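Contents: one structure, followed by commentary.
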Amino acid sequence: MKSHRQELWFNTPSRRNYINITNQVEDIIKKSGIQEGLCLVNAMHITASVYINDDESGLIQDYDDFLEKLAPHEPISQYRHNNTGEDNGDAHIKRQLMGREVVVAISNGSLDFGPWEQIFYAEFDGRRKKRVLVKVVGE
Amino acid sequence: MKSHRQELWFNTPSRRNYINITNQVEDIIKKSGIQEGLCLVNAMHITASVYINDDESGLIQDYDDFLEKLAPHEPISQYRHNNTGEDNGDAHIKRQLMGREVVVAISNGSLDFGPWEQIFYAEFDGRRKKRVLVKVVGE
Amino acid sequence: MKSHRQELWFNTPSRRNYINITNQVEDIIKKSGIQEGLCLVNAMHITASVYINDDESGLIQDYDDFLEKLAPHEPISQYRHNNTGEDNGDAHIKRQLMGREVVVAISNGSLDFGPWEQIFYAEFDGRRKKRVLVKVVGE
Chain A
186 MKSHRQELWF NTPSRRNYIN ITNQVEDIIK KSGIQEGLCL VNAMHITASV
236 YINDDESGLI QDYDDFLEKL APHEPISQYR HNNTGEDNGD AHIKRQLMGR
286 EVVVAISNGS LDFGPWEQIF YAEFDGRRKK RVLVKVVGE
Chain B
186 MKSHRQELWF NTPSRRNYIN ITNQVEDIIK KSGIQEGLCL VNAMHITASV
236 YINDDESGLI QDYDDFLEKL APHEPISQYR HNNTGEDNGD AHIKRQLMGR
286 EVVVAISNGS LDFGPWEQIF YAEFDGRRKK RVLVKVVGE
Chain C
186 MKSHRQELWF NTPSRRNYIN ITNQVEDIIK KSGIQEGLCL VNAMHITASV
236 YINDDESGLI QDYDDFLEKL APHEPISQYR HNNTGEDNGD AHIKRQLMGR
286 EVVVAISNGS LDFGPWEQIF YAEFDGRRKK RVLVKVVGE
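This is the structure in structure tokens:
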């Protein structure tokens with residue numbers, strides 16, 4: 186069994202952002218030389234998500250509206266977590282709804298994807314450096 | 186390390202459907218000959234989910250009611266994604282809530298499951314051919 | 186490829202509980218002797234979750250409030266599943282929102298984690314013995 190590990194770094198200009206990282210993950214798989222296996226892609230921070238869906242700007246806005254409706258950023262006093270002095274209680278909830286990680290199949294040395302699958306990094310508390318881990322295992 | 190890949194195809198008669206695929210996944214694991222490892226089961230389309238829970242008809246109706254309350258199909262104009270001419274904005278949200286994939290352990294050549302765990306394919310925008318990927322890795 | 190399998194048992198005193206199991210998972214990884222690979226941690230029961238987020242008491246209360254707002258325990262008659270004689274329809278929904286499992290990378294024989302990542306067992310229908318499965322694969 187072979188394995189390969191690499192990090193992606195992000196520093197988004199605004200609090201919430203949605204970034205298509207499919208090509209970066211595909212490049213890491215190529216670099217790993219692994220032909221058959223699994224690839225884990227996870228946010229290393231707890232106010233961000235990695236998820237798979239369509240790269241369509243209207244849909245991304247729909248996700249953002251939906252998350253903001255269910256767990257609005259303000260008033261920040263509505264979250265007990267913000268009593269610690271932070272203001273990102275909403276981001277911890279948004280992240281849980283969208284998920285921490287995806288596990289994707291590698292077949293013939295590439296992402297084994299359906300026609301519209303794209304991997305996204307979703308940031309819910311940006312404006313600072315944060316990381317995604319890509320771990321590839323297989324042969 | 187061995188690996189095995191197989192697709193399951195679905196063409197559900199209605200927009201939303203919940204199908205127990207546990208036996209099909211178990212058959213694929215047997216066919217792979219893998220005794221110890223991991224099995225990834227993921228929707229290859231972005232308006233469908235694979236999840237694990239109970240096979241109980243009341244519960245499935247509860248899930249459907251819950252998802253339809255949080256992200257109703259109509260009015261379709263409430264989703265920006267539908268400005269593209271599609272009508273499945275709700276399905277993209279429902280799929281995120283229920284998840285894209287499950288990763289299950291294989292022990293002694295079988296699904297390593299608790300007493301009530303069952304794998305479901307959940308369709309939120311059916312009436313056409315769509316696929317699930319089963320990827321088995323191990324030894 | 187090596188693999189290792191171990192169960193964690195819980196019997197929580199109240200219906201809902203959130204337990205940090207990071208150290209127990211780390212101990213199992215050490216015991217497995219696996220240096221590079223993947224570790225699956227999943228609830229074996231369908232009214233409980235395994236998730237990764239911060240170990241901060243205010244945040245845990247925020248999660249609990251959020252889940253109880255979206256899928257309240259009472260009135261139990263609001264869930265068709267409870268027509269079976271059970272009273273845990275809400276717990277099946279809460280578990281779907283928080284997720285069944287996490288897959289974590291193992292690098293250099295340890296959990297490959299960001300600074301605040303902690304693994305939690307979330308119980309939504311406790312007061313009886315229930316299990317979590319830890320399956321480690323790698324080399």
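Residue numbers (our numbering), protein chains in the order written: chain A, 186 to 324; chain B, 186 to 324; chain C, 186 to 324.
For every residue, glycine included, the Cβ atom is placed at its ideal position computed from N, Cα and C.
These figures come from a predicted structure and were not determined experimentally.
Query	Result
7 Å Cβ cutoff met for I237 of chain C and I304 of chain C	yes
Run of the beta strand (DSSP E) containing I291 of chain A, from where it starts to where it stops	286-292
Completely contained alpha helix (DSSP H) runs for the region 228-315 of chain B, where each covers 4 or more residues	242-255, 274-283
Residues in the region 201-212 of chain A having any Cβ partner in chain B nearer than 8 Å	none
Buried versus exposed, by CB contacts within 10 Å (16 or more), E308 of chain A	buried
Range covered by the beta strand (DSSP E) that runs through E192 of chain A	187-195
Length of the line joining the Cα atoms of A228 of chain A and Y248 of chain A	18 Å
Whether V321 of chain A touches H230 of chain A by CB criterion (7 Å)	no
Outcome for N273 of chain A when other beta-carbon atoms lying within 10 angstroms are tallied against a minimum of 16	buried
Beta-carbon proximity check, G218 of chain C vs I291 of chain C, cutoff 7 Å	no
Burial state of S295 of chain C (16 or more Cβ within 10 Å)	exposed
For Q220 of chain A and E286 of chain A, believed in contact at Cβ under 8 Å, the rounded distance	E286 of chain A to Q220 of chain A, Cβ: 22 Å. No contact.
G299 of chain C versus D250 of chain C: straight-line alpha-carbon distance, rounded	26 Å
Short CB-CB distance (under 7 Å) between N268 of chain C and chain B	yes
The beta strand (DSSP E) enclosing I204 of chain A, as first and last residue numbers	202-205
Closer than 7 Å to chain C by CB, L283 of chain A	In the sequence as presented, Leu is not what sits at residue 283 of chain A; that position holds Met. It does not: the Cβ of M283 of chain A has no partner Cβ on chain C nearer than 7 Å.
Spatial neighbours of K264 of chain C in its chain, beta-carbon cut-off 6 Å, leaving aside the 5 residues before and after	The sequence as given places Tyr at residue 264 of chain C; Lys does not occur at that position. Once the five neighbours on either side are set aside, the close Cβ partners of Y264 of chain C are G274.
Integer-rounded CB distance, given that N268 of chain A should sit under 8 Å from G243 of chain C	6 Å
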